[in-house]
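Structure record follows, encoded as structure tokens.
There are 2 protein chains.
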Amino acid sequence: MDRLRCYACGATTSESDRYRCSCGEPLWLDTDPTGFEWPADTDRSMWRYSALLPAVTPTGLAASAGGTPLVRTDRLDGDVGATVSVKYEGSNPTGTFKDRGSAVGVAMAKTGTVATVSHGNMARSMAAHAASAGLDCLVFVPADVPQERLSLLARYDPTILRIEGEYGRLYEASLRLGRAHDIAVVNSDAPARVAGQKTTGLEILAAFAPSVPDAIVLPVSSGGHASGIWKGIEELFAAGVVTERPRLYFVQAAACAPIAAAWDRGETTVAPVDGGETVAYSIANADPPSGNRVLAAARRTSGGVLAVDDDAILDARRTLSERTGLFVESACATALAGARALGRQRAFEPDDEVVLVATGTGFTERDLATPSVSAPTVPLADLDDAVAARTD
Amino acid sequence: MDRLRCYACGATTSESDRYRCSCGEPLWLDTDPTGFEWPADTDRSMWRYSALLPAVTPTGLAASAGGTPLVRTDRLDGDVGATVSVKYEGSNPTGTFKDRGSAVGVAMAKTGTVATVSHGNMARSMAAHAASAGLDCLVFVPADVPQERLSLLARYDPTILRIEGEYGRLYEASLRLGRAHDIAVVNSDAPARVAGQKTTGLEILAAFAPSVPDAIVLPVSSGGHASGIWKGIEELFAAGVVTERPRLYFVQAAACAPIAAAWDRGETTVAPVDGGETVAYSIANADPPSGNRVLAAARRTSGGVLAVDDDAILDARRTLSERTGLFVESACATALAGARALGRQRAFEPDDEVVLVATGTGFTERDLATPSVSAPTVPLADLDDAVAARTD
């Protein structure tokens with residue numbers, strides 16, 4: 000079960016601490032989906048799909064990850080020009096999809112210490128899952144991370160190290176450190192994480208079984224979540240549980256869109272970019288480790304990769320809370336902004352079932368300026384008139 | 000199904016807009032639990048229990064409420080002196096248990112406008128559910144509500160009215176306004192809300208079926224949630240699905256604890272108090288409308304009501320995030336603080352199954368000061384030594 004396979008060249012290895020194939024592409028956990036069927040709906044969590052997950056026994060927080068709601072959001076149909084649903088990952092224990100990967104990553108850790116390179120959602124998720132499992136957690140953050148974000152992370156009492164120097168180099172450095180110091184390093188596209196992220200896709204397809212949604216639209220950063228969702232779909236296809244694939248559309252913030260740029264150039268590999276500032280900071284990955292895998296997923300499923308600007312992202316975020324009641328992180332509002340753009344490009348038919356993956360809650364996003372609200376003040380004695388003026 | 004029954008005197012009425020029985024006690028929706036069995040686990044939401052819920056068809060956000068995880072938290076066992084699990088209500092769409100009541104309340108609304116008296120979790124929940132259903136939402140808040148809380152509420156675009164005058168009088172005033180202006184007023188202990196809040200209890204007991212947990216510990220404010228959980232247990236008992244009742248323990252903040260004070264005096268009715276300031280502001284109800292019902296629930300289930308101070312609440316909040324990975328609102332940390340106090344009073348046997356209801360996420364709590372975090376800064380080149388110093 001811990002055998003790794005390269006999605007690109009198909010090579011396999013049993014060196015379970017490897018991230019990369021000798022061909023240079025990322026490995027993922029190998030799975031035999033033979034004979035898989037939809038499970039009886041007993042376990043409410045992602046572990047309903049344990050037949051397709053590593054053979055570990057999740058406890059505590061890990062056992063409660065996933066099982067998030069798919070919300071039918073008809074008030075978005077006109078916006079997108081399709082039949083729209085939102086998979087709300089904010090219902091995970093720490094408020095983001097990251098918990099699916101952390102659940103598997105921490106459950107598979109064979110050491111007393113886990114570590115991750117993140118200053119946002121993944122850092123909080125890993126620290127929380129480590130806390131629940133009683134493991135030490137090392138988090139590598141940039142030296143200039145905002146205090147507000149640090150204070151949320153510190154609630155779970157991890158060991159935080161602020162790194163001076165090129166933060167982008169930490170991804171590779173952390174893998175070496177892990178091997179040198181016997182630490183389970185669980186970065187965004189670690190095979191264990193991707194195995195967990197698979198379950199987002201499995202749950203979405205289960206909700207439409209025996210049919211299949213026409214398209215899934217999600218934000219993309221490192222490519223770990225995107226890879227997991229694609230992997231899940233391929234496994235279901237191999238098992239014969241689904242006979243067609245939903246189109247996978249991946250959305251980036253225009254200010255930092257290396258995967259979208261490669262897609263537009265018709266290329267199969269992603270080149271690093273000099274990323275700029277964006278409200279979608281948590282998906283601003285200028286050198287995505289699984290970028291090429293994302294391009295392959297888009298090609299293989301007849302989907303695509305696109306970029307949207309900050310105005311479109313903030314407008315989508317506002318629309319989500321005002322028309323669906325889902326208050327999401329700016330980064331994950333890119334899914335609706337992207338779906339709107341695809342709709343304008345006639346990518347959908349009105350009766351296409353389109354699923355937007357809302358990757359995380361907006362409640363954790365404290366460093367974004369909150370609008371000042373002006374509401375009328377009414378003396379209790381005048382309340383009747385005030386209400387009448389608004390409703391009669 | 001919309002008939003109301005008084006829990007105290009048993010009188011019934013078909014005037015579905017009534018809140019109170021002529022005896023003065025609150026009414027709840029009458030239900031015939033005859034023949035109820037545990038449902039096959041198909042629907043993941045609270046609507047799995049539709050046999051015990053009003054005959055409405057939930058859509059959008061309402062259809063996704065409930066179905067929250069029960070997290071086995073063995074790292075708290077020593078603290079409480081029992082076998083502890085946490086029902087994590089932060090997984091609801093707006094991050095609190097309030098969504099269960101809003102889902103039923105909004106689904107049952109027969110008007111184009113809903114309204115509520117709240118400046119916190121319930122206001123956000125009602126505004127979000129109204130947004131999803133395309134209904135107008137009126138929210139009555141105190142004139143001095145913090146801007147931070149208003150800005151979170153405004154994300155869902157409700158009509159906010161700041162009320163000058165005695166906010167405590169608004170509860171009754173709002174009911175009159177609702178009848179006068181054809182508005183569905185859904186306050187904390189409205190029958191429709193309590194019907195929805197019932198499902199917290201149903202889900203907890205389902206998780207232990209065919210056994211029954213020994214105790215459930217939860218924060219109490221107006222008494223709506225407490226009443227719903229008790230109601231659910233009584234219905235299951237009447238249906239013969241359970242043959243014993245878990246002990247219900249209700250916890251208040253010492254600075255504003257009218258129900259605990261009445262319990263300590265051995266009384267069956269709650270007298271209003273002059274509430275003081277507490278970090279658990281969202282449960283600081285000085286004149287709880289369902290307070291007497293809470294006392295009855297504690298008596299009937301051989302449980303109790305107690306108060307805990309702010310130091311105990313903040314310490315419990317820290318313990319929850321650092322040992323279970325659940326970052327909760329201060330008000331809901333009262334559940335662990337209360338369970339600790341009960342443990343010291345020998346209320347539990349070590350093998351007692353005790354469930355703490357964590358009523359909401361801490362991510363929404365922006366007006367609480369966040370601690371300043373100091374973490375060491377390490378040049379990338381020295382990272383190896385820094386890691387070695389901490390892990391080898």
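Residue numbers (numbering that gives the first Met the number 0), protein chains in the order written: chain A, 0 to 391; chain B, 0 to 391. Ideal placement from N, C-alpha and C gives every residue a C-beta, glycine not left out.
**Report entry** Integer Cβ distance of V185(B) from G227(B), believed to fall under 8 Å
**Finding:** Within the second sequence, the letter at position 186 stands for residue 185(B). Within the second sequence, the letter at position 228 stands for residue 227(B). Between G227(B) and V185(B) the Cβ distance is about 13 Å, and since that is not below 8 Å, they are no contact.
Report task. Determine whether the Cβ of T158(B) lies closer than 8 Å to any Cβ atom of chain A. Result -> On the second sequence, position 159 is the one that residue 158(B) refers to. With 8 Å as the cut-off, T158(B) counts as an interface residue toward chain A.
Report task. Measure the alpha-carbon distance for D143(A) versus G94(A) and round it to whole angstroms. Result -> Walking along the first sequence from the start, residue 143(A) turns up at place 144. Walking along the first sequence from the start, residue 94(A) turns up at place 95. Those two C-alpha atoms are separated by around 24 Å.
Report task. Give me the Cα-Cα distance between R132(B) and S371(A), rounded to the nearest whole angstrom. Result -> Here the question's residue 132(B) lines up with position 133 in the second sequence. Here the question's residue 371(A) lines up with position 372 in the first sequence. Note that residue 132(B) is Ala in the sequence shown, not Arg. Going by the C-alpha atoms only, they are around 26 Å apart.
Query raised in the report: From D273(A) to A330(B), what distance separates their C-alpha atoms?
Result: Locating residue 273(A) in the first sequence gives position 274, counting from the first residue. Locating residue 330(B) in the second sequence gives position 331, counting from the first residue. Cα-Cα distance, rounded: 44 Å.
Query raised in the report: Comparing the C-beta of E328(A) with each C-beta of chain B, is any distance below 8 Å?
Result: Within the first sequence, residue 328(A) is the residue found at index 329, counting from 1. No, E328(A) does not count as interfacial toward chain B.
Query raised in the report: From which residue to which residue does the alpha helix (DSSP H) around Q196(B) run?
Result: The residue you call residue 196(B) lines up with position 197 of the second sequence. That run of the alpha helix (DSSP H) goes P190 to F207.
Query raised in the report: Exposed or buried, E321(B), counting other C-beta atoms within 10 Å across all chains shown (16 or more means buried)?
Result: Walking along the second sequence from the start, residue 321(B) turns up at place 322. Label assigned to E321(B): buried.
Query raised in the report: Listed from N- to C-terminal order along the chain, which residues in the stretch 303–331 of chain A have their beta-carbon within a distance smaller than 7 Å of any beta-carbon of chain B?
Result: S320, E321, R322, T323, G324, L325 and F326
Query raised in the report: For the 8 Å Cβ check, are there 3 or more pairs between the stretch 161–178 of chain B and the stretch 3–13 of chain B?
Result: no
Report task. Mind checking which residues open and close the alpha helix (DSSP H) that includes S114(B)? Result -> As a position in the second sequence, residue 114(B) is number 115, starting the count at 1. One detail in the question is off: residue 114(B) reads as Ala in this sequence, not Ser. A114(B) -> not in any alpha helix (DSSP H); beta strand (DSSP E) instead, spanning T112 to V116.
**Report entry** Sequence-distant residues of the same chain with beta carbon closer than 8 Å to A297(B), five excluded per side
**Finding:** Sequence index remark: in the second sequence, residue 297(B) carries index 298 (1-based). Once the five neighbours on either side are set aside, the close Cβ partners of A297(B) are L247, Y248, F249, W262, G303 and V304.
Requested in this report: Using the Cα positions of S210(A) and L204(A), report the straight-line distance between them to the nearest angstrom.
Outcome: Mapped onto the first sequence, residue 210(A) falls at position 211. Mapped onto the first sequence, residue 204(A) falls at position 205. Rounded to the nearest angstrom, the two C-alpha atoms are 8 Å apart.
Report task. Alpha carbon to alpha carbon, how far is V377(B) from V140(B)? Give it in angstroms, no decimals. Result -> For the purposes of this step, residue 140(B) is taken as the residue at position 141 of the second sequence. For the purposes of this step, residue 377(B) is taken as the residue at position 378 of the second sequence. Roughly 47 Å separates the two Cα atoms.
Query raised in the report: Can you give the Cα-Cα distance for G164(A) and L379(B), rounded to whole angstroms?
Result: Reading the first sequence from its first residue, position 165 is the one you call residue 164(A). Reading the second sequence from its first residue, position 380 is the one you call residue 379(B). In a straight line, the C-alpha of G164(A) is about 6 Å away from that of L379(B).
Query raised in the report: Does A392(A) get closer than 8 Å to chain B when you measure Cβ to Cβ?
Result: Residue 392(A) lies beyond the stretch modelled for chain A, which goes from 0 to 391, so this question has no answer here.
Query raised in the report: Can at least three beta-carbon pairs, one atom from the stretch 69–81 of chain B and one from the stretch 69–78 of chain A, be found at a separation below 8 Å?
Result: no
Query - Range of the contiguous alpha helix (DSSP H) that encloses I258(B) - result: For the purposes of this step, residue 258(B) is identified with residue 259 of the second sequence, where counting begins at 1. Counting along the chain, the alpha helix (DSSP H) containing I258(B) begins and ends at P257 to D263.
Report task. Quickly, what does DSSP pair W229(A) with across the bridge? List them, please. Result -> The residue given as residue 229(A) occupies position 230 in the first sequence. Answer is none; W229(A) lacks a bridge partner.
Query raised in the report: Using the C-alpha atoms, what's the distance from P157(A) back to S150(A)?
Result: For this step, residue 150(A) is matched to residue 151 along the first sequence. For this step, residue 157(A) is matched to residue 158 along the first sequence. When rounded, the distance between both Cα atoms is 11 Å.
Report task. Look at the alpha carbon of A183(B) and the alpha carbon of A127(B), and state the distance between them as a whole number of angstroms. Result -> Locating residue 183(B) in the second sequence gives position 184, counting from the first residue. Locating residue 127(B) in the second sequence gives position 128, counting from the first residue. Whole-angstrom Cα-Cα distance: 15 Å.
Requested in this report: Note down, in chain order, every chain B residue with its Cβ under 8 Å from the Cβ of D76(A).
Outcome: Numbered from 1 along the first sequence, position 77 holds the residue referred to as residue 76(A). Ordered by position in chain B, no residue passes the 8 Å Cβ test against D76(A), which lies about 12 Å from the chain.
Requested in this report: Write down the C-beta distance between P25(A) and R299(A) rounded to the nearest angstrom, noting that I regard them as a contact closer than 8 Å.
Outcome: As a working mapping, residue 25(A) is identified with position 26 in the first sequence. As a working mapping, residue 299(A) is identified with position 300 in the first sequence. Between R299(A) and P25(A) the Cβ distance is about 16 Å, and since that is not below 8 Å, they are no contact.
Query raised in the report: Quick one: is T363(B) buried, meaning 16 or more other Cβ sit within 10 Å of its Cβ, or exposed?
Result: Residue mapping note: residue 363(B) aligns to position 364 of the second sequence, counting from 1. Under this definition T363(B) is a buried residue.
Query raised in the report: For V327(B) versus R316(B), is the C-beta spacing smaller than 8 Å?
Result: The residue labelled residue 327(B) in the question sits at position 328 within the second sequence. The residue labelled residue 316(B) in the question sits at position 317 within the second sequence. Against a cut-off of 8 Å, the Cβ pair of R316(B) and V327(B) comes out as a contact.
Requested in this report: List the residues of chain A whose Cβ lies closer than 8 Å to the Cβ of R397(B), in chain order.
Outcome: Coverage of chain B is limited to positions 0 through 391, which leaves residue 397(B) absent and any answer about it impossible.
Query raised in the report: Just to confirm, are R43(A) and G59(A) a CB contact at a threshold of 8 Å?
Result: Here residue 43(A) refers to the residue found at position 44 of the first sequence. Here residue 59(A) refers to the residue found at position 60 of the first sequence. In this structure, G59(A) does not lie closer than 8 Å to R43(A) by Cβ.
Report task. Would you verify that the beta carbon of D263(B) is, or is not, closer than 8 Å to some beta carbon of chain A? Result -> Sequence index remark: in the second sequence, residue 263(B) carries index 264 (1-based). Answer no: the Cβ-Cβ gap between D263(B) and chain A never drops below 8 Å.
Report task. State the DSSP-derived secondary structure class of C331(B), mapped to helix, strand or coil. Result -> Against the second sequence, residue 331(B) aligns to sequence position 332. Of the three classes helix, strand and coil, the one that applies to C331(B) here is helix, per DSSP.
Query raised in the report: If you count every other CB in all the chains shown that lies within 10 Å of the CB of D181(A), and 16 or more means buried, which is it?
Result: The residue you call residue 181(A) lines up with position 182 of the first sequence. Its Cβ having fewer than 16 others within 10 Å, D181(A) is exposed.
Query - Cα-Cα separation between D314(B) and S124(A), rounded to whole angstroms - result: Along the second sequence, one-based indexing puts residue 314(B) at 315. Along the first sequence, one-based indexing puts residue 124(A) at 125. Computed Cα separation, rounded: 21 Å.
Query raised in the report: Are the C-beta atoms of P378(A) and some chain B residue less than 8 Å apart?
Result: Position 379 of the first sequence, counting from 1, holds the residue named residue 378(A). Output row for P378(A): interface = yes.
Query raised in the report: Closer than 8 Å, CB to CB, is P180(A) near chain B or not?
Result: By 1-based counting over the first sequence, the position of residue 180(A) is 181. Before going on, a small fix: residue 180(A) reads as His here, not Pro. Yes, H180(A) counts as interfacial toward chain B.
Requested in this report: Return helix, strand or coil for R123(A), following the three-state DSSP convention.
Outcome: The residue you call residue 123(A) lines up with position 124 of the first sequence. Of the three classes helix, strand and coil, the one that applies to R123(A) here is helix, per DSSP.
Report task. Take P53(B) as the anchor and find which of T268(B), M107(B) and A340(B) has the nearest alpha-carbon. Result -> Translated into the one-based positions of the second sequence, residue 53(B) becomes position 54. The candidate whose alpha carbon is nearest that of P53(B) is M107(B).
Query raised in the report: Residues of chain B with a CB under 8 Å from the CB of H128(A): which are they?
Result: Here the question's residue 128(A) lines up with position 129 in the first sequence. Simply G324.
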